[in-house]
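**Student:** Residue numbers (this note's numbering), protein chains in the order written: chain A, 56 to 373; chain B, 56 to 373. Idealized CB from N, CA, C, for every residue including glycine.
1. Pick from A:209, A:346, A:130: whose alpha carbon is nearest that of residue 192 (chain A)?
2. Strictly by DSSP, which residues pair up with residue 98 (chain A)?
3. Since residue 315 (chain A) and residue 290 (chain A) should fall inside the 8 Å C-beta cutoff, what is the C-beta to C-beta distance between them, to a whole number of angstroms?
4. So, is the C-beta of residue 102 (chain B) closer than 8 Å to a C-beta in chain A?
5. Check for me: the beta strand (DSSP E) holding residue 154 (chain B) runs from which residue to which?
6. From what residue to what residue does the alpha helix (DSSP H) around residue 298 (chain A) run?
7. Got a sec, what are the start and stop residues for the beta strand (DSSP E) residue 230 (chain A) sits in?
8. For residue 149 (chain A), which residues from the same chain have a beta carbon less than 8 Å from its beta carbon, with the 5 sequence-adjacent residues on both sides left out?
9. Using the Cα positions of residue 137 (chain B) and residue 194 (chain A), report the straight-line distance between them to the nearest angstrom.
10. Return the CA-CA distance between residue 267 (chain B) and residue 276 (chain B), expressed in angstroms with no decimal places.
11. If we define contact as Cβ-Cβ less than 8 Å, is residue 28 (chain B) a contact residue for chain A?
12. Anything in the stretch 101-120 of chain A with a Cβ closer than 8 Å to a Cβ of chain B? List those residues in chain order, please.
13. If I measure Cβ to Cβ from residue 57 (chain A) and keep anything under 7 Å in the same chain, skipping five residues before and after, which residues do I get?
14. Counting beta carbon pairs with one atom in the stretch 73-91 of chain A and one in the stretch 315-333 of chain A, are three or more of them shorter than 8 Å?
15. Would you mind working out which of B:307, B:331, B:308, B:309 sits nearest residue 318 (chain B), comparing C-alpha positions?
16. If we ignore side chains and look at the alpha-carbon of each, how far apart do residue 354 (chain B) and residue 152 (chain B) end up?
17. If contacts are defined as beta-carbon pairs under 8 Å, then residue 215 (chain B) and residue 244 (chain B) qualify, I think. What distance do you get, rounded to the angstrom?
18. Would you tell me roughly how many angstroms separate the C-alpha atoms of residue 292 (chain A) and residue 225 (chain B), rounded to the nearest one?
19. Ignore the nearest five residues each way along the sequence and tell me which others in residue 263 (chain B)'s own chain have a CB closer than 7 Å to its CB.
20. By the criterion of Cβ-Cβ separation under 7 Å, what are the contact partners of residue 83 (chain B) in chain A?
21. Starting from residue 345 (chain A), trace the beta strand (DSSP E) both ways and give me its first and last residue.
22. Measure the beta-carbon distance from residue 237 (chain A) to residue 207 (chain A) and round it to whole angstroms, keeping in mind my assumption that it falls under 8 Å.
23. To the nearest angstrom, how far is the alpha carbon of residue 257 (chain B) from that of residue 228 (chain B)?
24. Determine the DSSP secondary structure at residue 70 (chain B), reduced to helix, strand or coil.
25. Counting only beta-carbon separations shorter than 8 Å, does residue 195 (chain A) have a partner in chain B?
26. Can a CB atom of chain A be found closer than 8 Å to the CB of residue 227 (chain B)?
27. For a cutoff of 8 Å on Cβ pairs, would you count residue 289 (chain B) as touching chain A?
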């Protein structure tokens, strides 16, 4: 598909489709971190979205566009992360079957999230071929539609609605920083802002230990990750055939973030903004902290992508 | 002062005064806990208010009403809690001096909050006479205006703006649960709702270990706390001369919450709603969990009062 396969009108149509069933998440000025970091800093709190992540938007936009005949056969995906719960929720809203294939080592909290919506996941081995084979088998048996977590124009348009809300919430916005994993959120953000307000500078952020997007932009082709051990588990994926060209043509700059900076940023968000965020969601603030010169004195929105932590070992203070 | 000294028009006037400088915090439907608790549950997230608590509203409303002459001499309060930072922030916005007297054993995070706004607290002994004497001394020396944390009509009117927003955010609301410490938030909530929408049932929640409001309603006079060791440190205060009669005449019922239920509720909010809340803010959800019959099948808003935790020992999961 060509890089212009998703445009602002698709994002606006997605918003009309989903807005009654997604939270209009707040975009909150953080006075304390603004002072500390010498900029005007807003957090777009998609951790407060249903299922705890922006993924609820794209999945719902995809499921609501299935024909009656497609819908009756259900949807299928393989995911160890937030897309699993997002697709389950979308299927439940439409009242159709959802086949959620999860690697057997998925975080307990993500498995419970799918179950709490009312679907029992199917478990498979952890390697990509096994996951794809398991999903393909379900597809063959049931005729269910596969909904990819990011490389799908309906998903990209749905994720673009985050930026649509930001434009309404923050007047005279100058800069946006969003995390880059598979690139669904980032390409939706770019599609929206490049058409609606091209003067806004959009920065991508990813862990230095998952710098595949950074390298892909350098080499001009999709590069695979070289390691899979960043704490930001949502950003370990490589870009897709649809998301890469959008990012390549529209992104201002990719910023890399060290592991310790991710954890520092996470702590600052929890302590100061009172928002529970997963490490992946803290990467953009880590980028701001690591590259202060680009953001000094500017009005900047940091997109907090999600808040799904494994709380097994969590000890809150008093 | 008579119990009708604060009315809905005061709350509306307060809102016009402060709305440009407070967050319109979100009121978020929590689908997962709604299913689990068999009601339609919304969280009014005042933990996302500036300084991390609803107290920012009342303090700003009070400070903005000082005459020029009063304002020039500054404000003073004694507080170990969120009112300290709230008054400091309000003074900074108006550009006047703030004298914040804090017991020397105040939580480090609360002291740092005042400092981060630009004021150095003055420390005193922890007993009430010492605190009052220290504040009185400052008042005498400087001519600063004392701003009480809750027993002040300007404070009550300011806290009432939380309910004003809730009315706009949740159509056909049936029930509200709010915590009761000194009663500022509760009496503001009652003033607003009893006049604007008297059919809405308002419940108060307090720890069983800080049941002074419950006992006060029984005896018909303000009862002091009998112990000071509840984990909900913001609710250890007794009611005031202004807040008690409002609560006495307008509240539907006080519900008591056991300590373990407070901590369970806190964990549910953090894990499910992705909001950082202090134990005091979790008491209303604890009340809902402990008295499910009153709320089954109803549309209920739980006010989350604040998110200021001492994170010294905090370990977030991955």
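**Tutor:** Considering the structure as presented:
1. A:130
2. A:83, A:357
3. That belief does not hold up - the Cβ atoms of residue 315 (chain A) and residue 290 (chain A) are roughly 16 Å apart, past 8 Å.
4. yes
5. 153-158
6. 298-305
7. 230-234
8. 118, 119, 121, 126
9. 55 Å
10. 10 Å
11. Here chain B comprises residues numbered 56 to 373, so residue 28 (chain B) is not present and cannot be evaluated.
12. 102, 103, 105, 107
13. At residue 57 (chain A), the pLDDT of 43 sits below 50, so the modelled position is not reliable and the matter cannot be decided from this model.
14. yes
15. B:331
16. 44 Å
17. 6 Å
18. 39 Å
19. 311, 312, 313
20. 78, 103
21. First-last for residue 345 (chain A): 334-345, but that is the alpha helix (DSSP H), not the beta strand (DSSP E).
22. Rounded, the Cβ-Cβ distance is 10 Å, inconsistent with contact.
23. 11 Å
24. helix
25. no
26. no
27. no
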